[in-house]
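Comments concern the structure below.
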Amino acid sequence: MCNKIRTAMYQLRICMKGLLDTVDAIAGFCVVINGKRHLYKKEFCDLTTQQNYRELRDNLANEMEEVPLEYTKQRSPAWFKLRETVKVTGSVAHDSIGLNTLKAQKDYFDSKLSPPKRNETVTESAKQAMEHGARNEINATATLVGKVMPVYYPDFEFHEEGAYLIRNENGKKIMIISPDGTIRNDKRIVSIEIKCPFSSFVGSTPVFYEVKPRHVVQCLLEAHATQADEHLYISWSKESTTVFRMKPHCDLVNSVIQEVDEVYYSSVPVRPTRISARAKSLKMKIREVIDDVEFLGEFPSITAHSSARKHQSDVQNVYILPEKDEFFVNHAVSDTNELMETAHKATKLMTEAYQSQKPAASEVLVYLLSDMNRLWHPEIGHGLPIAYLYKGYSLSMGTSRRILDLVLNACKDCNIHVPCITFDGQFFKIERL
Amino acid sequence: MPECSFVVMFDGKKILPQSADVYLMEQEDPPKLYDLKSKHEQNVSAIEQYKFFLQNVIDSDEKDVSEIVSEDRIQYTIHASKALQATSSVIRELRTSYAKKLLICSLQKRS
Chain A
164 MCNKIRTAMY
174 QLRICMKGLL
184 DTVDAIAGFC
194 VVINGKRHLY
204 KKEFCDLTTQ
214 QNYRELRDNL
224 ANEMEEVPLE
234 YTKQRSPAWF
244 KLRETVKVTG
254 SVAHDSIGLN
264 TLKAQKDYFD
274 SKLSPPKRNE
284 TVTESAKQAM
294 EHGARNEINA
304 TATLVGKVMP
314 VYYPDFEFHE
324 EGAYLIRNEN
334 GKKIMIISPD
344 GTIRNDKRIV
354 SIEIKCPFSS
364 FVGSTPVFYE
374 VKPRHVVQCL
384 LEAHATQADE
394 HLYISWSKES
404 TTVFRMKPHC
414 DLVNSVIQEV
424 DEVYYSSVPV
434 RPTRISARAK
444 SLKMKIREVI
454 DDVEFLGEFP
464 SITAHSSARK
474 HQSDVQNVYI
484 LPEKDEFFVN
494 HAVSDTNELM
504 ETAHKATKLM
514 TEAYQSQKPA
524 ASEVLVYLLS
534 DMNRLWHPEI
544 GHGLPIAYLY
554 KGYSLSMGTS
564 RRILDLVLNA
574 CKDCNIHVPC
584 ITFDGQFFKI
594 ERL
Chain B
26 MPECSFVVMF
36 DGKKILPQSA
46 DVYLMEQEDP
56 PKLYDLKSKH
66 EQNVSAIEQY
76 KFFLQNVIDS
86 DEKDVSEIVS
96 EDRIQYTIHA
106 SKALQATSSV
116 IRELRTSYAK
126 KLLICSLQKR
136 S
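As given, the protein sequences belong to chains A and B, one line each in that order.
Using my numbering, the first residue of the first sequence is number 164, and each one after it goes up by one.
Using my numbering, the first residue of the second sequence is number 26, and each one after it goes up by one.
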């Protein structure tokens, strides 16, 4: 049994690889159409020379009296200090207002407001997941700038982001939001949230295939804070990266801000004892937001690397400008015939994929033709098989009827009169006659 | 529900075909195979439209993409986006199926 499954898994792997190559070829051709073939990368992306990538400079604090929040490099001491000034950040907003469970909300509330302050205990798996995310975020960014943007956002530039403040109606700062970046052109801003799933559960997929409910609030807060026109939710794995496009939802964000304000910034914050009505309503809205998300596609992932910079960065600019790429290699397909061949292969692979997903037959349905008096002769069999088919666990009523009609009509053509039909045993086993 | 012209027996009792239908429908799973087929047809259709557009480009002797006129470029981008989404959607199904099989293998190993 296990060998059979392993063979099927091997076939699936080949099919997935072929389809990812197809995506790569179609995307590469798109890039040529967009006139951005210099941005498209195959397996590696040198961020030092990637022309649509803007990295924040590290040493801004030495040159500016006060570094604006949005230019405060993430994971720098200043950024950690900044996060200490508020009770809620974008990544924990979901738990903090009871959108996960009441227990999670209480735990979070206690960690922030109940004296004495508890030491947060992080499990080993959570620690590994965080390290995995921090280590691979740069690879996800490389995939975004080297694969996705040249296709869907050819005229945009990726900007590394610092932090953004969200204030309540009275102007009091209540949340710090740190998007993983934004992509911008003269007219539009798109906020970015990157996730690098790390699951010890064997049955989970390496990337997300829908926006997870626990990430929706964070994504929408980032779109709100950066005043973005849309938001990209990116899920990265070593092999492939999925990309989803979300629209901003002002109503939902305003509800979240009000809830955070009431729970954590009232004159006397009260430990929650039940999930609030607003949180319950937010949960339903989150589901609606997920249904409205657009799946842009799954792209082959690429790995980031940086070469030594040859020039000093411009001190007038908060971003490090990319250097000239002297070793440009064209990876995009521009021959239409070649692309046509790839498209033919894709159709073949899709059919293979469809065949491999069809459930294997688990039962056989046999139609027997029998005499009305089954026991008229003890030495002659009373049931002659006249038709059979293989089936799974499911067979619709309409299909059953059509098959039965076919069998009865065939009997009629042979001048066999069938006055009645009987079935053995329970009705759900009707096909096992 | 179409009329059934045959007598239906259940445990030796003659029953109405309609009630047999209801009984069976309660036992049936949702028509997953049908969903699978309709999804497959949608995905293949997106690729076929994309191929049709490419064939037009080839027939017009514009074998290199730089020769495609600007109006066709917009059309190309639309068709290509749909083809990308369709292909990605198949990968998603395969990956989910692969993950399930991996889980079954792992459970079998444990037992």
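Glycine included, C-beta positions come from ideal geometry on N, C-alpha and C.
Item to complete: Kindly list the residues whose CB is nearer than 7 Å to the CB of Val607(A), restricted to its own chain and excluding five residues on each side of it in sequence; keep chain order.
Response: Outside the displayed range of chain A (164 to 596) lies residue 607(A), so it cannot be described from this structure.
Worksheet entry | Where Thr405(A) sits in the DSSP three-state scheme | strand
Practice prompt. Starting from the Cα of Ala188(A), find the closest Cα among Tyr428(A), Val314(A) and Val379(A) and give me that residue.
Written response: Val314(A)
Discussion item. On the criterion of 16 or more Cβ atoms from any shown chain inside 10 Å, does Ser288(A) qualify as buried, or is it exposed?
Written reply: exposed
Worksheet entry | chain A contact residues for Ile72(B), given Cβ-Cβ distances below 8 Å | Ala506, Ala509, Thr510 and Met513
Discussion item. Rounded to whole angstroms, what is the Cα-Cα separation between Phe319(A) and Asn348(A)?
Written reply: 5 Å
Worksheet item: Any idea what DSSP makes of Leu484(A), helix, strand or coil?
Response: coil
Worksheet item: What's the call for Lys199(A), buried or exposed, on a 16-neighbour Cβ count within 10 Å?
Response: buried
Practice prompt. With 9 Å as the threshold, decide whether the Cβ of Ala516(A) is near any Cβ in chain B.
Written response: yes
Worksheet item: Residues of chain A with a CB under 9 Å from the CB of Ser63(B): which are they?
Response: Simply none; closest approach about 11 Å.
Worksheet item: To which residues of the same chain is Phe105(B) closer than 8 Å at the C-beta, ignoring the five residues directly before and after it?
Response: In the sequence under discussion, the amino acid at residue 105(B) is Ala, which differs from the Phe named in the question. Same-chain partners within the cutoff: Tyr75.
Worksheet item: Can you tell me where the alpha helix (DSSP H) with Trp242(A) in it begins and where it stops?
Response: Pro240 to Arg246
Discussion item. Only counting the same chain, and skipping five residues up and downstream in sequence, which positions put a Cβ closer than 8 Å to that of Asp576(A)?
Written reply: none
Practice prompt. Kindly identify the DSSP beta-bridge partner or partners of Gly546(A).
Written response: Ser533(A)
Discussion item. Relative to the C-alpha of Met503(A), which candidate in Ser122(B), Ser131(B), Gln100(B) and Phe77(B) has its C-alpha closest?
Written reply: Phe77(B)
Discussion item. At the 9 Å Cβ level, is Asn536(A) part of the contact set with chain B, yes or no?
Written reply: no
Discussion item. Between the alpha carbons of Thr316(A) and Lys410(A), how many angstroms are there, rounded?
Written reply: Inspection of the sequence shows that residue 316(A) is occupied by Tyr rather than by Thr. About 16 Å.
Discussion item. If the criterion is Cβ atoms closer than 9 Å, does the pair Lys401(A) and Pro369(A) meet it?
Written reply: yes
Practice prompt. Check each residue of the region 365 to 383 of chain A: if its Cβ is closer than 8 Å to any Cβ of chain B, include it; give the result in chain order.
Written response: Val365, Gly366, Ser367, Thr368, Pro369, Val370 and Tyr372
Worksheet entry | Residues of the region 101 to 115 of chain B with Cβ closer than 9 Å to any Cβ of chain A, in chain order | Tyr101, Thr102, Ala105, Ser106, Ala108, Leu109, Gln110, Ala111, Thr112, Ser113, Ser114 and Val115
Worksheet item: The alpha helix (DSSP H) spanning Met312(A) covers which residue range?
Response: Met312 to Tyr315
Practice prompt. Just confirm the distance between the C-beta atoms of Ala516(A) and Val69(B), as a whole number of angstroms; I'd bet it's less than 8 Å.
Written response: 10 Å between Cβ atoms; not a contact.
Practice prompt. For Val308(A), I'd like the list of residues in its chain whose CB is within less than 6 Å of its CB, leaving aside the five on either flank, ordered along the chain.
Written response: Gln213, Asn215, Tyr216 and Phe321
Discussion item. Is there a Cβ of chain B sitting closer than 9 Å to that of Ser470(A), yes or no?
Written reply: no
Discussion item. Can you pull out the residues from the region 178 to 194 of chain A whose beta carbon lies closer than 9 Å to at least one beta carbon of chain B?
Written reply: Cys178, Met179, Leu182, Leu183, Thr185, Val186, Ile189, Ala190, Phe192 and Cys193
Worksheet item: What residues of chain B sit near Arg169(A), judged by a beta carbon separation below 9 Å?
Response: Lys126 and Cys130
Practice prompt. Give me the Cα-Cα distance between Phe192(A) and Val186(A), rounded to the nearest whole angstrom.
Written response: 10 Å
Worksheet item: Secondary structure at His201(A), three-state DSSP: helix, strand or coil?
Response: helix
Item to complete: Drop a sphere of 10 angstroms on the beta-carbon of His412(A), count the other beta-carbons inside from all chains shown, and report buried for 16 or more, exposed for fewer.
Response: buried
Practice prompt. Could you check which residue in Ala124(B), Ser113(B) and Leu127(B) has the C-alpha nearest to that of Ala509(A)?
Written response: Ser113(B)
Worksheet item: In the DSSP assignment, what are the bridge partners of Arg565(A)?
Response: Paired residue(s): none; Arg565(A) is not in a bridge.
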